[in-house]
Amino acid sequence: MISPSASRVRIRRMMKLVEESAGVGELMLNGQVLRQVGYRISRYQGVVEGSGLPIPGLHRIEGSIDFDPGTDSAGLTGAALTLRLQDGRVLGITLVGNEGRIFSEGHGPMRCFCC
Numbered sequence: 002m003i004s005p006s007a008s009r010v011r012i013r014r015m016m017k018l019v020e021e022s023a024g025v026g027e028l029m030l031n032g033q034v035l036r037q038v039g040y041r042i043s044r045y046q047g048v049v050e051g052s053g054l055p056i057p058g059l060h061r062i063e064g065s066i067d068f069d070p071g072t073d074s075a076g077l078t079g080a081a082l083t084l085r086l087q088d089g090r091v092l093g094i095t096l097v098g099n100e101g102r103i104f105s106e107g108h109g110p111m112r113c114f115c116c
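Mapping the sequence shown onto the numbering used here, position 42 (from 1) lands on 43, and the numbers just tick up by one.
Below is the structure:
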């Protein structure tokens, strides 16, 4: 008899770059605009290796915003922030360092506001 775990098909996944964007947007915390920031983002979509089919709900956003640790609050690091892009789209992001590096992973109301 084959165990249920042995019969599972292992799906290999990878991340594919689907968009790069740069511009000036609004950095927000709890719906309040903190200030305008320059940004550069790369958006990756999870895909099934071999077929290239997208995996719904699997994405990652990496990039940076203009951030000056001398004038910007250190309390923003790790906070659930929102970035309104120049084209009007809104992304949930996390500031992951004093250099302005941003990161977001996943999908849904806590990560993006597209659906």
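Just so it is clear, CB atoms sit at the ideal spot from N, CA and C, and this is done for glycine as well.
Just so it is clear, the structure is predicted and the values come from calculations on it, not from any experiment.
query: To the nearest angstrom, how far is it from the Cα of Leu28 to the Cα of Arg61?; result: 19 Å
query: Taking the alpha carbon of Leu84 as the reference point, which residue from Leu77, Leu92, Thr78 has its own alpha carbon closest?; result: Leu92
query: Do three or more CB pairs link the segment 44-54 to the segment 95-103 at distances below 8 Å?; result: no
query: Do Met16 and Val48 count as a contact pair if the criterion is CB distance below 9 Å?; result: yes
query: If you drop the 5 nearest sequence neighbours on each side, which residues of the same chain put their C-beta closer than 7 Å to that of Ala1?; result: Because the chain here runs from 2 to 116, residue 1 falls outside it and cannot be looked at.
query: When the distance is taken between beta carbons, is Ser22 closer than 9 Å to Leu77?; result: no
query: How would you label Pro110, buried or exposed, when you count the other beta carbons within 10 angstroms and need 16 or more for buried?; result: At Pro110, the pLDDT of 42 sits below 50, so the modelled position is not reliable; the number obtained from the coordinates is stated separately. When all chains shown are included, Pro110 counts as exposed.
query: In the DSSP output, what is Ile66 paired with across the bridge?; result: Tyr40
query: Measuring only the C-alpha atoms, how far is Gly39 from Leu54?; result: 33 Å
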